[in-house]
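A.B. asks: The structure's right below; bear with me while I get my questions together.
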Amino acid sequence: MIDVPVEGRDFPGSLPELRAWFRSDADCLDYLDWLRWPDGFVCPWCADVGDWSTVPGMHRCSGCGRRVSVGAGTVFDRTRTPLAVWFEAAWLMMASKQGVSALTLQRVTELGSYQSAWMMTHKLRSVMHQSGRDRLSGRVEMDETFIGGDRHGTFGRGAAGKTLVAGAIERPGTGFGRARLQIIPDASSASLADSIRTHVSHGATLITDGWPPYPRAAAASGVSLEVHNVKASGQPAHLSLPGVHLLFSLSKRVLEGTYQGSVQPEHLQAYLDEFVFRFNRRKSHTRGLLFFRLLESAVAGPPAPYTSVAVIHRMPKDVPVPPRTPQALPRTLAGTPLDRPWRTPQAA
Ligand SMILES: [Zn+2]
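Structural data, given as structure tokens:
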């Protein structure tokens, strides 16, 4: 992992720069290879560092003889879409503060089918929850909200057509820290305790409203509790728990705006993961760094099972199947080639 990536060397600073860097599958594979093994190939099977292969993105371990592909097991595995198009999709998803819909992506990258664009956004989303999994710590606000159902009737669950989502956000001395959003089955102490154990460090202080299941949930998950009793204080919830309510309103705005309230309940968690990925990096001085972290997550491990199976098998059926032959690079990706700046030796 590269701790302090540098714009212009480790990741592109703009869309024209991205297009100049990534002209071919070989360029993209080399970049992914470098992201996964910045200090050179290490065999994931036997930890040998010898490599007999000279094919881009492919290694043959000199220790155990296994072939190791940088794309195998990742979202790029067996794709028929040029990797430069994937990179542009990743860039567009990260460059916009509100995210980008598959329809917009299809239009901008001149992809042949909506289905291809939809698949790419969902696969890229599927790696976002793997990034930055350190649990929240210190003082952490937590609350629940219902998402969806009322206006469009397209997402939600049960009779009310709504999905229950738990939110948590760090409250350092000033402002807000990192956040999490997770669908929960109900607001019982058992469900809340599960959520707390997954997202909040042992020993943290949880700030909640007076919902009765919280004391038991907090005790069961090793956090202390600070109750801001909304009713007793006479303050509306968005004032007594401002962080988590800001989180809820911003995420709902993206779901209603960018995605027009069309997110299906089975996909909602992936969209929440995307929102949180972006939210937790909102202080990044450059959007290119988000692109870098996204691709880094994409090659760090296999895609999440729930998205790679459930979500991708539920893609819309009324759109044409993409061609089996590799597609030509869209003309939008034309630009002046550059020679792999990420391989430039670092200045001392
Ligand atoms: Zn090996």
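Residues in the sequence shown are numbered from 1 upward in steps of one, following my numbering. Built from N, CA and C at the ideal position, the CB exists for glycine as well. Nothing here was measured: the structure is a model prediction, and the numbers come from that model.
Please go through the same chain and pick out, in chain order, the residues whose beta-carbon is closer than 6 Å to the beta-carbon of Leu-272, but skip the five residues on each side of it.
C.D. replies: Leu-181
A.B. asks: Mind checking Asp-33: buried by the 16 CB within 10 Å criterion, or exposed?
C.D. replies: buried
A.B. asks: Pick out whichever of Asn-229, Glu-110, Ala-166 has its Cα sitting closest to the Cα of Arg-197.
C.D. replies: Ala-166
A.B. asks: Under 6 Å, CB to any heavy atom of ligand 1. Which residues pass, going along the chain?
C.D. replies: Cys-43, Trp-45, Cys-46, Asp-48, Cys-61, Gly-63, Cys-64, Arg-66
A.B. asks: So what's Cys-28 in DSSP terms, helix, strand or just coil?
C.D. replies: Of the three classes helix, strand and coil, the one that applies to Cys-28 here is helix, per DSSP.
A.B. asks: Compute the distance between the beta-carbons of Gly-261 and Leu-268, then report whether it is under 8 Å.
C.D. replies: no
A.B. asks: With a CB to CB cut of under 7 Å and the five nearest residues on each side skipped, what residues in its chain are close to Gln-98?
C.D. replies: Cβ-Cβ distances below 7 Å link Gln-98 to Val-254, Gly-257, Thr-258 in the same chain, with the five nearest sequence neighbours on each side left out; the list follows chain order.
A.B. asks: Given a threshold of 16 other Cβ atoms within 10 Å of its Cβ, counted over all protein chains shown, does Gln-115 qualify as buried or as exposed?
C.D. replies: buried
A.B. asks: Report the start-end ranges of each alpha helix (DSSP H) in the stretch 84 to 145 that is 4 residues or longer and not cut off at the edges.
C.D. replies: 102 to 109, 114 to 126
A.B. asks: Give me, in chain order, the residues of the same chain whose beta-carbon lies closer than 8 Å to that of Val-6; leave out the 5 immediate sequence neighbours on both sides.
C.D. replies: none
A.B. asks: What separation, rounded to the nearest whole angstrom, lies between the Cα atoms of Asp-10 and Thr-286?
C.D. replies: 13 Å
A.B. asks: What separation, rounded to the nearest whole angstrom, lies between the Cα atoms of Pro-265 and Trp-91?
C.D. replies: 26 Å
A.B. asks: Which of helix, strand or coil does DSSP assign to Leu-290?
C.D. replies: helix
A.B. asks: From the DSSP output, which residues share a beta bridge with Ile-169?
C.D. replies: According to DSSP, Ile-169 bridges with Glu-141, Ala-179.
A.B. asks: Taking the C-alpha atoms as reference points, what is the distance between Gly-57 and Ala-84?
C.D. replies: 14 Å
A.B. asks: How far does the alpha helix (DSSP H) with His-199 in it reach, from first residue to last?
C.D. replies: 189 to 199
A.B. asks: Select from Ala-102, Ala-179, Leu-111, Thr-163 the residue whose C-alpha is nearest the C-alpha of Arg-133.
C.D. replies: Comparing Cα positions, the closest option is Ala-179.
A.B. asks: For Ala-117, which residues from the same chain have a beta carbon less than 8 Å from its beta carbon, with the 5 sequence-adjacent residues on both sides left out?
C.D. replies: Ala-89, Ala-102, Leu-103, Leu-105, Gln-106, Thr-109, Leu-111
A.B. asks: Just the C-alpha distance for Leu-124 and Phe-76, rounded to the nearest angstrom, thanks.
C.D. replies: Using only the alpha carbons, I get a separation of about 9 Å.
A.B. asks: My understanding is that Asp-48 touches Arg-340, with C-beta atoms under 8 Å, so please give their C-beta distance in whole angstroms.
C.D. replies: The Cβ separation is near 25 Å, so there is no contact.
A.B. asks: Assuming the contact rule is C-beta atoms closer than 8 Å, Leu-290 and Ser-297 should be a hit. Round their C-beta distance to whole Å, please.
C.D. replies: Contact flag wrong, Cβ pair sits at about 11 Å.
A.B. asks: Quick one: what's got a C-beta closer than 6 Å to Asn-229's C-beta in the same chain, skipping five residues either side?
C.D. replies: Gly-210
A.B. asks: From this set, Ser-189, Gly-13, Thr-208, Leu-247, which residue's C-alpha is nearest Ala-95's C-alpha?
C.D. replies: Gly-13
A.B. asks: Nearest to Glu-274 by alpha carbon, out of Glu-17, Ser-126, Ser-195?
C.D. replies: Ser-126
A.B. asks: When DSSP labels each residue in this structure, what does Lys-252 get in the three-state scheme?
C.D. replies: helix
A.B. asks: Roughly how many whole angstroms lie between the Cα atoms of Ala-190 and Phe-248?
C.D. replies: 22 Å
A.B. asks: Can you tell me where the beta strand (DSSP E) holding Leu-241 begins and where it ends?
C.D. replies: From DSSP, Leu-241 is part of no beta strand (DSSP E); its letter is neither H nor E.
A.B. asks: From Glu-226 to Val-140, what distance separates their C-alpha atoms?
C.D. replies: Roughly 10 Å between the two C-alpha positions.
A.B. asks: Mind checking whether Ala-193 and Ser-221 have CB atoms under 8 Å apart?
C.D. replies: yes
A.B. asks: Could you round the C-beta distance between Val-100 and Val-299 to whole angstroms and report it? I think they count as a contact, below 8 Å.
C.D. replies: Their Cβ separation, rounded to whole angstroms, is 22 Å, which puts Val-100 and Val-299 out of contact at 8 Å.
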